[in-house]
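Novice: Please see the structure below; I have some questions.
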Amino acid sequence: MPFKRKDLLGLRDLAVDEIEHILDTAFSLKEINTRSIKKVPTLRGKTVIHLFYEPSTRTRTSFDIAAKRLSADTYSIAGSSSSMVKGETFLDTLKNLESMNPDIFIIRHSASGAPHRLAARTPVSVINAGDGMHEHPSQGLLDMMTILEKKGRLDGLTVLIVGDIAHSRVARSNILGLNKMGARVVACAPPTLLPADLSLMGVEVCFKVDEALPDADVIMVLRLQTERQQQMLLPSLREYSICYGINRSRLAKAREDAIVMHPGPVNRGVEISPDVADGPQSVILDQVTNGVAVRMALLYLMGQGESSRAAAQREESV
Amino acid sequence: MPFKRKDLLGLRDLAVDEIEHILDTAFSLKEINTRSIKKVPTLRGKTVIHLFYEPSTRTRTSFDIAAKRLSADTYSIAGSSSSMVKGETFLDTLKNLESMNPDIFIIRHSASGAPHRLAARTPVSVINAGDGMHEHPSQGLLDMMTILEKKGRLDGLTVLIVGDIAHSRVARSNILGLNKMGARVVACAPPTLLPADLSLMGVEVCFKVDEALPDADVIMVLRLQTERQQQMLLPSLREYSICYGINRSRLAKAREDAIVMHPGPVNRGVEISPDVADGPQSVILDQVTNGVAVRMALLYLMGQGESSRAAAQREESV
Amino acid sequence: MPFKRKDLLGLRDLAVDEIEHILDTAFSLKEINTRSIKKVPTLRGKTVIHLFYEPSTRTRTSFDIAAKRLSADTYSIAGSSSSMVKGETFLDTLKNLESMNPDIFIIRHSASGAPHRLAARTPVSVINAGDGMHEHPSQGLLDMMTILEKKGRLDGLTVLIVGDIAHSRVARSNILGLNKMGARVVACAPPTLLPADLSLMGVEVCFKVDEALPDADVIMVLRLQTERQQQMLLPSLREYSICYGINRSRLAKAREDAIVMHPGPVNRGVEISPDVADGPQSVILDQVTNGVAVRMALLYLMGQGESSRAAAQREESV
Numbered sequence: 198m199p200f201k202r203k204d205l206l207g208l209r210d211l212a213v214d215e216i217e218h219i220l221d222t223a224f225s226l227k228e229i230n231t232r233s234i235k236k237v238p239t240l241r242g243k244t245v246i247h248l249f250y251e252p253s254t255r256t257r258t259s260f261d262i263a264a265k266r267l268s269a270d271t272y273s274i275a276g277s278s279s280s281m282v283k284g285e286t287f288l289d290t291l292k293n294l295e296s297m298n299p300d301i302f303i304i305r306h307s308a309s310g311a312p313h314r315l316a317a318r319t320p321v322s323v324i325n326a327g328d329g330m331h332e333h334p335s336q337g338l339l340d341m342m343t344i345l346e347k348k349g350r351l352d353g354l355t356v357l358i359v360g361d362i363a364h365s366r367v368a369r370s371n372i373l374g375l376n377k378m379g380a381r382v383v384a385c386a387p388p389t390l391l392p393a394d395l396s397l398m399g400v401e402v403c404f405k406v407d408e409a410l411p412d413a414d415v416i417m418v419l420r421l422q423t424e425r426q427q428q429m430l431l432p433s434l435r436e437y438s439i440c441y442g443i444n445r446s447r448l449a450k451a452r453e454d455a456i457v458m459h460p461g462p463v464n465r466g467v468e469i470s471p472d473v474a475d476g477p478q479s480v481i482l483d484q485v486t487n488g489v490a491v492r493m494a495l496l497y498l499m500g501q502g503e504s505s506r507a508a509a510q511r512e513e514s515v
Numbered sequence: 198m199p200f201k202r203k204d205l206l207g208l209r210d211l212a213v214d215e216i217e218h219i220l221d222t223a224f225s226l227k228e229i230n231t232r233s234i235k236k237v238p239t240l241r242g243k244t245v246i247h248l249f250y251e252p253s254t255r256t257r258t259s260f261d262i263a264a265k266r267l268s269a270d271t272y273s274i275a276g277s278s279s280s281m282v283k284g285e286t287f288l289d290t291l292k293n294l295e296s297m298n299p300d301i302f303i304i305r306h307s308a309s310g311a312p313h314r315l316a317a318r319t320p321v322s323v324i325n326a327g328d329g330m331h332e333h334p335s336q337g338l339l340d341m342m343t344i345l346e347k348k349g350r351l352d353g354l355t356v357l358i359v360g361d362i363a364h365s366r367v368a369r370s371n372i373l374g375l376n377k378m379g380a381r382v383v384a385c386a387p388p389t390l391l392p393a394d395l396s397l398m399g400v401e402v403c404f405k406v407d408e409a410l411p412d413a414d415v416i417m418v419l420r421l422q423t424e425r426q427q428q429m430l431l432p433s434l435r436e437y438s439i440c441y442g443i444n445r446s447r448l449a450k451a452r453e454d455a456i457v458m459h460p461g462p463v464n465r466g467v468e469i470s471p472d473v474a475d476g477p478q479s480v481i482l483d484q485v486t487n488g489v490a491v492r493m494a495l496l497y498l499m500g501q502g503e504s505s506r507a508a509a510q511r512e513e514s515v
Numbered sequence: 198m199p200f201k202r203k204d205l206l207g208l209r210d211l212a213v214d215e216i217e218h219i220l221d222t223a224f225s226l227k228e229i230n231t232r233s234i235k236k237v238p239t240l241r242g243k244t245v246i247h248l249f250y251e252p253s254t255r256t257r258t259s260f261d262i263a264a265k266r267l268s269a270d271t272y273s274i275a276g277s278s279s280s281m282v283k284g285e286t287f288l289d290t291l292k293n294l295e296s297m298n299p300d301i302f303i304i305r306h307s308a309s310g311a312p313h314r315l316a317a318r319t320p321v322s323v324i325n326a327g328d329g330m331h332e333h334p335s336q337g338l339l340d341m342m343t344i345l346e347k348k349g350r351l352d353g354l355t356v357l358i359v360g361d362i363a364h365s366r367v368a369r370s371n372i373l374g375l376n377k378m379g380a381r382v383v384a385c386a387p388p389t390l391l392p393a394d395l396s397l398m399g400v401e402v403c404f405k406v407d408e409a410l411p412d413a414d415v416i417m418v419l420r421l422q423t424e425r426q427q428q429m430l431l432p433s434l435r436e437y438s439i440c441y442g443i444n445r446s447r448l449a450k451a452r453e454d455a456i457v458m459h460p461g462p463v464n465r466g467v468e469i470s471p472d473v474a475d476g477p478q479s480v481i482l483d484q485v486t487n488g489v490a491v492r493m494a495l496l497y498l499m500g501q502g503e504s505s506r507a508a509a510q511r512e513e514s515v
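Protein chains in written order, with my numbering: chain P, 198 to 515; chain V, 198 to 515; chain E, 198 to 515.
Now the structure itself:
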């Protein structure tokens with residue numbers, strides 16, 4: 198089954214069977230990463246350009262490893278060091294790079310919607326690697342892959358998301374994806390860190406984490422950006438930690454088989470205690486491992502699509 | 198025909214048949230960039246080192262894509278992050294890297310002549326990727342390739358260069374190359390932005406762009422560095438734009454088949470208006486596409502020369 | 198003979214036959230670097246991650262060239278640009294990267310012992326590329342390789358180390374390695390730049406370089422960090438240069454066949470004069486060339502070990 202989309206911009210756009218197809222592909226590619234020779238020729242001769250207008254080591258490295266294990270050539274353009282500093286527009290930078298015949302752009306940008314605007318203006322495949330407070334679809338997909346791997350299903354599970362949901366593209370992509378896949382999503386945070394449209398998104402709200410824990414199959418802890426305190430959205434990190442931090446005694450209120458997730462990087466002792474982050478219920482490092490597999494799947498499907506389109510064009514021209 | 202030169206330092210050095218050989222090679226390699234698998238094994242096992250002492254995303258990425266599509270391994274040394282900061286001389290840095298057995302150095306430096314001085318001190322091939330206000334030969338070559346592609350010839354054409362010619366290595370390489378290939382070059386700019394030796398270089402001067410436009414087959418617009426205003430070389434960007442900016446009404450005075458070029462990055466609304474930059478006569482993005490092809494040709498010819506020299510040495514030693 | 202170690206952390210740990218095995222391997226791999234096609238498929242599909250928490254162009258590039266000539270895929274994480282800035286611990290960064298299934302970490306860190314602490318917490322092979330004032334084993338190995346290449350032996354040679362031994366991981370690794378291999382090591386520096394434990398390390402001390410020179414087969418000159426003057430450990434660079442700088446007249450007191458080494462980058466005119474650095478007795482650039490060979494050997498042996506371990510595990514599981 199060839200993937201029909203040119204771009205992967207967000208989980209909002211995807212149908213259930215498309216999400217299933219991406220996750221199936223990721224599960225089948227995952228095994229490559231534990232071989233002695235971790236490389237397949239699938240994307241040989243393809244050009245993948247990372248366009249990161251926000252700093253990111255973790256996501257960029259994950260995409261880069263995924264691309265090179267599929268034999269693609271990769272290039273990295275950082276927003277700060279690029280021609281942007283000479284006053285060039287974002288679209289001009291993109292059009293210039295497009296003229297060098299790349300196959301896939303992987304774009305991270307602080308402006309919500311930036312990858313969408315660019316994708317509409319280029320024939321090159323665009324993968325959104327995080328846009329503002331909007332979406333981070335590869336993170337949502339790797340989180341769903343990890344839940345599926347550990348729980349065997351998504352449908353009917355209760356996923357508790359704890360933390361700064363209002364500012365989190367990770368939460369947003371998870372909510373959109375989990376809803377489609379039939380999971381029940383409960384959000385828990387101080388009111389200042391909750392968005393207004395949660396009920397419209399099909400999310401239940403709970404202000405006391407201890408009340409929400411007993412029902413949860415999955416506890417997804419979000420990173421707390423320390424700048425939220427300067428923005429007066431929080432009294433203090435210590436207060437947040439006491440009320441919402443997931444520690445061992447709090448985790449004891451959840452089911453024994455509940456899993457604990459975190460998109461990283463972890464603020465140890467703030468939103469999660471070290472013994473929980475490193476404990477038997479934590480699947481944080483499985484998320485990282487699955488991140489490479491999900492990104493291999495996305496690059497494979499985008500690259501395959503490109504080949505299919507090119508092949509179709511060749512056939513037409515014959 | 199093997200290329201005899203160890204280095205590509207400037208268009209001043211090249212004979213007409215050498216320029217033709219590079220452009221022929223570029224035209225024949227260009228097609229690789231539109232294949233589904235954009236990679237040939239020509240430079241497999243070759244080591245290409247980017248030594249950029251001035252920031253550049255655009256040119257470095259173009260060279261890097263060219264090198265990897267020929268299967269070379271590439272390394273990037275930035276002037277600011279290198280051992281230079283520890284007080285090492287430029288020549289010591291080069292000698293150190295030379296001892297790691299690279300095949301080609303691609304050098305950008307703010308000092309005019311720096312690549313020439315280094316090339317004389319190393320057996321490694323040196324490609325000048327821009328030195329001070331001196332030369333930018335790969336840009337000159339890609340511009341000539343684009344003109345040739347669009348106009349079918351260089352000989353007898355009138356090329357109008359508009360802008361800050363005094364400080365432009367792009368203009369300098371183009372003037373040197375176009376003169377050799379039989380084109381007529383006309384320069385147009387405020388007197389403060391024209392070099393003194395233009396007539397010696399065989400260039401005609403015109404201070405009013407509107408008078409020069411009707412004759413032009415090619416209008417090459419140069420980027421205006423905004424720092425020229427601080428240097429008191431310009432009254433204001435707005436004044437410059439009014440007198441020398443290429444906009445739609447001004448372009449209407451040129452031939453219908455005249456093409457508009459710009460080396461990028463574009464200052465939209467200063468030296469060129471958006472409707473001209475994106476209009477039907479603009480070949481700005483073709484220049485970028487041809488840039489990869491020209492750089493593939495240079496790397497191929499330098500790398501081939503290296504192989505030829507090594508093969509010759511092996512034969513001698515037998 | 199498969200290499201049994203998971204990690205290469207320092208020369209203190211290694212037995213004589215292990216050092217000999219690494220150097221033998223380096224001598225046999227060195228020839229690859231002068232081939233026309235400088236690439237072998239030995240580490241194809243292996244993932245090598247550079248984790249540099251101190252800036253280094255020279256050592257990183259040497260390791261990177263070594264890795265790519267063995268066909269490994271490499272990734273570079275700089276300490277300053279990484280998630281560390283978001284408050285993540287060093288161990289969390291490592292565990293995250295570990296979850297992406299790399300084969301080898303190459304770590305440089307300003308804290309002595311950092312690579313050792315990490316190596317104990319990860320199944321991934323760790324190569325120490327320099328830790329604080331502790332060890333720089335690949336430098337010690339490339340120095341021994343160069344001495345062996347030029348002198349035919351290490352046993353019984355007198356190696357004079359001149360300079361800031363107290364703060365030098367290069368000196369420390371050389372002392373540990375040379376001692377094991379049977380060389381006599383003499384240290385010469387102002388008392389403020391000598392560590393207290395030299396005699397425990399089996400090193401003879403000499404405060405006057407002119408007295409030590411006549412006996413030396415090898416003169417190893419260390420780089421003088423200019424910050425030592427601000428730390429009041431030196432009266433002035435000029436004074437240091439007069440008393441300890443290796444210049445032509447001073448070198449005339451040594452044997453004619455004595456070789457001069459320096460780990461680079463060189464402070465010309467401070468610890469070494471230009472005519473000595475570039476003179477016939479200097480082997481400084483041979484050190485750089487051998488650096489690539491030694492790093493190829495380390496990566497080959499670590500990568501091979503990894504394969505052997507994986508193969509052993511597969512056999513067990515059958």
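The beta-carbon is built from N, C-alpha and C at its ideal position, and this holds for glycine as well.
#1: Can the beta-carbon of residue 443 of chain E be found less than 7 Å from the beta-carbon of residue 473 of chain E?
#2: Within 7 Å (strictly less), CB to CB, does residue 485 of chain V reach chain P?
#3: Is there contact between the segment 435–455 of chain E and the segment 482–490 of chain E, where contact requires at least three CB pairs shorter than 8 Å?
#4: May I have the straight-line CA-CA distance separating residue 208 of chain E from residue 500 of chain V, to the nearest angstrom?
#5: Taking residue 453 of chain P as the reference, give the member of P:478, P:306, P:231 with the closest Cα.
#6: Return the CA-CA distance between residue 216 of chain P and residue 323 of chain P, expressed in angstroms with no decimal places.
#7: Going along the segment 448–467 of chain P in order, which residues come within less than 8 Å of chain E, judged by CB to CB distance?
#8: Nearest by alpha-carbon distance to residue 297 of chain E: which of P:430, P:266, P:380, P:381 is it?
#9: Quick one: measure Cβ to Cβ for residue 516 of chain P and residue 219 of chain P, integer angstroms, because I've assumed they're closer than 8 Å.
#10: Using alpha carbons as the reference points, say which of V:236, V:294, V:306 lies closest to residue 257 of chain V.
#11: What do you reckon, are the CB atoms on residue 455 of chain V and residue 413 of chain V nearer than 7 Å?
#12: With residue 213 of chain P as the anchor, note down where its alpha helix (DSSP H) starts and where it stops.
#13: Could you check where the beta strand (DSSP E) with residue 261 of chain E kicks off and where it finishes?
#14: Could you check whether the segment 362–374 of chain E touches the segment 394–411 of chain E, counting it as contact only if at least three pairs of C-beta atoms, one from each stretch, sit closer than 8 Å?
#15: Alpha carbon to alpha carbon, how far is residue 367 of chain E from residue 340 of chain E?
#16: State the start and end residues of the unbroken beta strand (DSSP E) segment that holds residue 376 of chain E.
#17: So what does DSSP say about residue 244 of chain E, is it helix, strand or coil?
#18: Would you say residue 343 of chain V touches the ligand FAD, meaning its beta carbon is less than 6 Å from a heavy atom?
#19: Could you say which of P:246, P:357, P:417, P:213 lies nearest to residue 378 of chain P if we only look at CA atoms?
#20: Can you grab the Cα-Cα spacing for the pair residue 388 of chain P / residue 248 of chain E, in whole Å?
#21: Would you please verify whether the beta carbon of residue 285 of chain E is less than 7 Å from any beta carbon of chain P?
#22: Throw me the rounded Cβ distance for the residue 492 of chain E and residue 253 of chain E pair, which I believe falls under 8 Å.
#23: Grouping DSSP H, G and I as helix and E and B as strand, with all else coil, what is residue 358 of chain E?
#24: Measure from the C-beta of residue 293 of chain V to each C-beta in chain E and report whether the shortest distance is under 7 Å.
#25: Within a Cβ cutoff of 6 Å, which residues of the same chain sit near residue 238 of chain E, ignoring the five residues on either side of it in sequence?
#26: By the criterion of Cβ-Cβ separation under 8 Å, what are the contact partners of residue 259 of chain P in chain E?
#27: Can you give me, in chain order, the residues of the segment 232–251 of chain V that have a beta carbon less than 9 Å from any beta carbon in chain E?
#28: Apart from the five residues just before and just after residue 245 of chain V, which ones in its own chain have a Cβ nearer than 6 Å to its Cβ?
#29: On the three-state DSSP scale, how would you describe residue 400 of chain P?
#30: Where does residue 458 of chain V fall in DSSP's three states?
#31: Pull up the distance between the alpha-carbon of residue 351 of chain E and that of residue 312 of chain E, whole angstroms please.
#32: Could you give the first and the last residue of the continuous beta strand (DSSP E) run that contains residue 326 of chain E?
Specialist: If we stick to the structure as given:
#1: Numbered from its first residue, the third sequence carries residue 443 of chain E at position 246. Numbered from its first residue, the third sequence carries residue 473 of chain E at position 276. For residue 443 of chain E and residue 473 of chain E, yes; Cβs fall inside 7 Å.
#2: For the purposes of this step, residue 485 of chain V is identified with residue 288 of the second sequence, where counting begins at 1. By this cut-off, residue 485 of chain V is an interface position.
#3: They do not touch, by the three-pair rule.
#4: Looking up residue 208 of chain E in the third sequence gives position 11. Looking up residue 500 of chain V in the second sequence gives position 303. The alpha-carbon separation between residue 208 of chain E and residue 500 of chain V amounts to approximately 39 Å.
#5: As a first step, residue 453 of chain P is located in the first sequence; it is residue number 256 there, counting from the start. Closest option to residue 453 of chain P, Cα to Cα, is P:478.
#6: One-based indexing of the first sequence puts residue 216 of chain P at position 19. One-based indexing of the first sequence puts residue 323 of chain P at position 126. One alpha carbon belongs to residue 216 of chain P, the other to residue 323 of chain P, and they sit about 17 Å apart.
#7: Under the 8 Å Cβ criterion, the segment 448–467 of chain P contributes 461, 462, 463, 464, 465.
#8: Position 100 of the third sequence holds residue 297 of chain E. Per the Cα distances, P:266.
#9: In the structure as shown, chain P starts at 198 and stops at 515, and residue 516 of chain P therefore has no counterpart that could be examined.
#10: Start at 1 with the first residue of the second sequence, and residue 257 of chain V comes out as number 60. The option with the nearest alpha carbon to residue 257 of chain V is V:306.
#11: Numbered from 1 along the second sequence, position 258 holds the residue referred to as residue 455 of chain V. Numbered from 1 along the second sequence, position 216 holds the residue referred to as residue 413 of chain V. The answer is yes: Cβ separation under 7 Å.
#12: The residue you call residue 213 of chain P lines up with position 16 of the first sequence. Its alpha helix (DSSP H) spans residues 213–227.
#13: Looking up residue 261 of chain E in the third sequence gives position 64. Under the DSSP assignment, residue 261 of chain E falls outside any beta strand (DSSP E), being part of the alpha helix (DSSP H) whose first and last residues are 255–266.
#14: Using a C-beta cut-off of 8 Å, the segment 362–374 of chain E makes contact with the segment 394–411 of chain E, since at least three inter-stretch Cβ pairs fall below that distance.
#15: Position 170 of the third sequence, counted from the start, is the residue given in the question as residue 367 of chain E. Position 143 of the third sequence, counted from the start, is the residue given in the question as residue 340 of chain E. Taking the straight line joining both Cα atoms gives about 9 Å.
#16: The residue given as residue 376 of chain E occupies position 179 in the third sequence. Per DSSP, residue 376 of chain E lies in no beta strand (DSSP E) segment; the continuous alpha helix (DSSP H) that holds it begins and ends at 366–377.
#17: Numbered from 1 along the third sequence, position 47 holds the residue referred to as residue 244 of chain E. Secondary structure at residue 244 of chain E: strand, using DSSP grouped into helix, strand and coil.
#18: The model depicted lacks the ligand FAD and carries no ligand whatsoever.
#19: Residue mapping note: residue 378 of chain P aligns to position 181 of the first sequence, counting from 1. Among P:246, P:357, P:417, P:213, the Cα nearest to that of residue 378 of chain P belongs to P:213.
#20: Position 191 of the first sequence, counted from the start, is the residue given in the question as residue 388 of chain P. Position 51 of the third sequence, counted from the start, is the residue given in the question as residue 248 of chain E. Their backbone Cα atoms lie some 40 Å apart in a straight line.
#21: Residue mapping note: residue 285 of chain E aligns to position 88 of the third sequence, counting from 1. Closer than 7 Å: yes.
#22: One-based indexing of the third sequence puts residue 492 of chain E at position 295. One-based indexing of the third sequence puts residue 253 of chain E at position 56. Not quite, the Cβ-Cβ distance comes to about 13 Å (not below 8 Å), so this is no contact.
#23: Position 161 of the third sequence, counted from the first residue, corresponds to residue 358 of chain E. DSSP places residue 358 of chain E in strand when its eight states are reduced to three.
#24: Working through the second sequence from its first residue, we reach residue 293 of chain V at position 96. Taking Cβ atoms only, chain E reaches closer than 7 Å to residue 293 of chain V, which makes this a yes.
#25: The sequence position of residue 238 of chain E within the third sequence is 41, counting from 1. Excluding residues within five positions, the ones whose Cβ falls inside 6 Å are 268.
#26: Residue 259 of chain P sits at position 62 when you count from the first residue of the first sequence. Those are 297, listed as they occur along chain E.
#27: Against chain E - using a Cβ distance shorter than 9 Å - the residues of the segment 232–251 of chain V are 241, 242, 243, 244, 246.
#28: Translated into the one-based positions of the second sequence, residue 245 of chain V becomes position 48. Excluding sequence neighbours, residue 245 of chain V sits near 264, 269, 271, 301.
#29: Looking up residue 400 of chain P in the first sequence gives position 203. For residue 400 of chain P, the secondary structure class from DSSP, reduced to helix, strand or coil, is strand.
#30: On the second sequence, residue 458 of chain V is found 261 positions in, with the first residue counted as 1. Three-state DSSP puts residue 458 of chain V in a strand.
#31: The residue labelled residue 351 of chain E in the question sits at position 154 within the third sequence. The residue labelled residue 312 of chain E in the question sits at position 115 within the third sequence. Inter-residue distance for residue 351 of chain E and residue 312 of chain E is about 28 Å (C-alpha atoms, whole angstroms).
#32: Position 129 of the third sequence, counting from 1, holds the residue named residue 326 of chain E. Element bounds for residue 326 of chain E: 322–328.
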